[in-house]
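Participant: For the sequence shown, the residue numbers in our numbering are 26 to 322. No residue lacks a Cβ here, since even glycine has one placed at the ideal position from N, Cα and C. All values reported here derive from a predicted model rather than from experimental measurement. This structure is in structure tokens; I'll ask about it shortly.
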Amino acid sequence: MRKKVTKAIFPVAGMGTRFLPATKSVPKEIMTLVDRPLVQYAIDEARAAGIKEFIFVTSRGKGALEDYFDHAPVLEQELRKKGKDELLSILKSTYMDSGAIAYLRQHRALGLGHAVWCARRLIANEPFAVILPDDVIAAETPCLQQMVEAYEEVGGNMVAAMEVPPEKASSYGVLDIEKDTGSVVSVKGMVEKPKPEDAPSNLAVIGRYILGPSVLRNLNKIKSGAGGEIQLTDAIAKDIGTDVPVSGYRFRGQRFDCGSKAGFLQATVAFALARDDLRDDLSRYLESISQVTKAAE
Numbered sequence: 026m027r028k029k030v031t032k033a034i035f036p037v038a039g040m041g042t043r044f045l046p047a048t049k050s051v052p053k054e055i056m057t058l059v060d061r062p063l064v065q066y067a068i069d070e071a072r073a074a075g076i077k078e079f080i081f082v083t084s085r086g087k088g089a090l091e092d093y094f095d096h097a098p099v100l101e102q103e104l105r106k107k108g109k110d111e112l113l114s115i116l117k118s119t120y121m122d123s124g125a126i127a128y129l130r131q132h133r134a135l136g137l138g139h140a141v142w143c144a145r146r147l148i149a150n151e152p153f154a155v156i157l158p159d160d161v162i163a164a165e166t167p168c169l170q171q172m173v174e175a176y177e178e179v180g181g182n183m184v185a186a187m188e189v190p191p192e193k194a195s196s197y198g199v200l201d202i203e204k205d206t207g208s209v210v211s212v213k214g215m216v217e218k219p220k221p222e223d224a225p226s227n228l229a230v231i232g233r234y235i236l237g238p239s240v241l242r243n244l245n246k247i248k249s250g251a252g253g254e255i256q257l258t259d260a261i262a263k264d265i266g267t268d269v270p271v272s273g274y275r276f277r278g279q280r281f282d283c284g285s286k287a288g289f290l291q292a293t294v295a296f297a298l299a300r301d302d303l304r305d306d307l308s309r310y311l312e313s314i315s316q317v318t319k320a321a322e
């Protein structure tokens, strides 16, 4: 019987420079889509997948991120006093139980692989998930939950994958596919940020992973790769051809790259339109903009 995936690493050490000046004082991960921070979407997805232990790899200036998950007794008391039970319930959903969350510092920006390696002592000999909060995925069944269900069937290392146009390949790790069975593909190679003409497929890795302890052992030995960083895909690729299978998983849902301004704005509109309390007003506003644009043309 496979060990259950109950631990997740959240690499959140990035400086968020694409969102300056906002990220001068506000960690990118607590910037809000509608009324929830990016990191809350990631936490909710992890909880739905059965994650019980949450490991954040942070850096200097991320104190507000840690405070976000703390209890707020004064605010809680005020909401209770005013009978605002719905808001009180929302507030409580941001709390984390004592001991359920851990924070580690990545002192040097050496890439995603290095960030995951920083958490090695808290993982030990267990499978674990990695969630990048920049990748927000709208899905009927949360992406990581889909992956956990597939992982229980195939085991090994699993990466979330989606199809991208050739000109976008250089922004991703791209899978070299051995066997395609639909939602799960067997992987015979992984190429980090290839040129379009060198991409082995159109299936790109995005920010959801289920990995075994062998990846941490590989990270112990790996040297810097593309961009001078320690690449997580390089460590996963080292298991290809061993007794640890590597799979890609075509998730069902829409991924938004909230590490970019355009992706963040697209996600904001999409999530707002999905809300009953916001849909009508926003739809009317977007329609009015469309009419003005057409008139101007």
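1) Could you say which of V212, L228, S211 lies nearest to P219 if we only look at CA atoms?
2) So what does Q256 bridge to, in DSSP terms?
3) Just the C-alpha distance for I261 and T166, rounded to the nearest angstrom, thanks.
4) Using C-beta distances below 8 angstroms, list every residue in its chain close to T206, excluding the 5 sequence neighbours before and after it, in chain order.
5) Could you check if P221 is buried or exposed, using at least 16 other CB atoms within 10 Å of its CB as the buried criterion?
6) Can you tell me where the beta strand (DSSP E) with S211 in it begins and where it stops?
7) Please state the DSSP three-state secondary structure of T48.
8) Go ahead and label Q102 buried or exposed: buried means 16 or more other beta carbons lie within 10 angstroms of its beta carbon, across all protein chains shown.
9) Taking the alpha-carbon positions, what's the V111 to T267 distance?
10) When you compare the CB positions of E70 and K32, do they come within less than 8 angstroms of one another, or not?
11) Could you check the C-alpha separation between Q305 and R105 for me, to the nearest Å?
12) Within its chain, find whatever has a CB closer than 7 angstroms to the CB of R130; leave out the 5 residues flanking it on each side and keep chain order.
13) Using CA atoms only, rank isn't needed, just tell me which of T318, G181, I156 is closest to V37.
14) Need the endpoints of the alpha helix (DSSP H) that P15 sits in, please.
15) Rounded to a whole number of angstroms, what is the C-alpha to C-alpha distance between A2 and V64?
16) Using the DSSP secondary-structure output, state which residues sit across from V161 in a beta bridge.
17) Helix, strand or coil for K117? Go by DSSP, reduced to three states.
18) So the candidates are V30, W142, G278; which of them puts its Cα closest to the Cα of H132?
19) Is the beta carbon of K213 closer than 8 angstroms to that of D201?
20) State the Cα-Cα distance for the pair T318 and A292, rounded to the nearest angstrom.
21) On the CB-based measure, 16 or more other CB atoms within 10 Å of its CB, does D159 come out buried or exposed?
22) Below 8 angstroms between beta carbons: does that hold for G327 and D259?
23) How many Å lie between L100 and I80 at the Cα?
24) If we count the other Cβ atoms within 10 Å of its Cβ and call it buried at 16 or more, is R233 buried or exposed?
25) Label M121 either buried or exposed according to how many other C-beta atoms from any shown protein chain fall within 10 Å of its C-beta, with 16 as the threshold for buried.
26) With burial defined as no fewer than 16 other Cβ atoms inside 10 Å of the residue's Cβ, what is the status of L257: buried or exposed?
27) Closer than 8 angstroms is the cut-off here; do at least three beta carbon pairs connect the stretch 272 to 287 with the stretch 43 to 58?
28) When the Cα atoms are used, what is the spatial distance from G147 to A125?
Facilitator: Per the coordinate set shown:
1) For the set V212, L228, S211, the Cα lying nearest the Cα of P219 is the one of L228.
2) Its beta-bridge partners do not exist; DSSP assigns none.
3) Inter-residue distance for I261 and T166 is about 26 angstroms (C-alpha atoms, whole angstroms).
4) If the five residues before and after T206 are omitted, its C-beta is found closer than 8 angstroms to no C-beta atom of its own chain.
5) Label assigned to P221: exposed.
6) Residues 209 to 217.
7) Three-state DSSP puts T48 in a helix.
8) The residue in question, Q102, is exposed, as its Cβ has fewer than 16 Cβ neighbours within 10 Å.
9) One detail in the question is off: residue 111 reads as Glu in this sequence, not Val. A direct Cα-Cα distance of roughly 51 angstroms separates E111 from T267.
10) Cβ atoms of E70 and K32: not closer than 8 angstroms.
11) Checking the sequence shown, residue 305 turns out to be Asp, not Gln. Roughly 30 angstroms between the two C-alpha positions.
12) Answer for R130: T83, S84, listed in chain order.
13) Distances from the CA of V37 to each of T318, G181, I156 were compared; the closest alpha carbon is that of I156.
14) No statement about residue 15 is possible, as the shown extent of the chain runs from 26 to 322 and does not include it.
15) No information on residue 2 is available, as it lies outside the stretch 26 to 322 that the chain covers here.
16) Partner(s): F281.
17) In this structure, K117 counts as helix in the three-state DSSP scheme.
18) Relative to H132, the option among V30, W142, G278 whose CA is nearest is W142.
19) Yes, the pair counts as a contact, with Cβ atoms nearer than the cut-off.
20) When rounded, the separation of the alpha-carbon atoms in T318 and A292 is 22 angstroms.
21) Result: buried.
22) Since the displayed the chain opens at 26 and closes at 322, residue 327 lies outside it and no answer follows.
23) Spanning the two alpha carbons is a distance of roughly 26 angstroms.
24) When all chains shown are included, R233 counts as buried.
25) In summary, M121 is exposed, with fewer than 16 beta-carbon neighbours lying within 10 Å of its beta-carbon over all protein chains present.
26) Around the beta carbon of L257, 16 or more other beta carbons lie within 10 angstroms, which makes this residue buried.
27) Yes, they touch.
28) Checking the sequence, you will find Leu at residue 147 rather than Gly. Roughly 12 angstroms between the two C-alpha positions.
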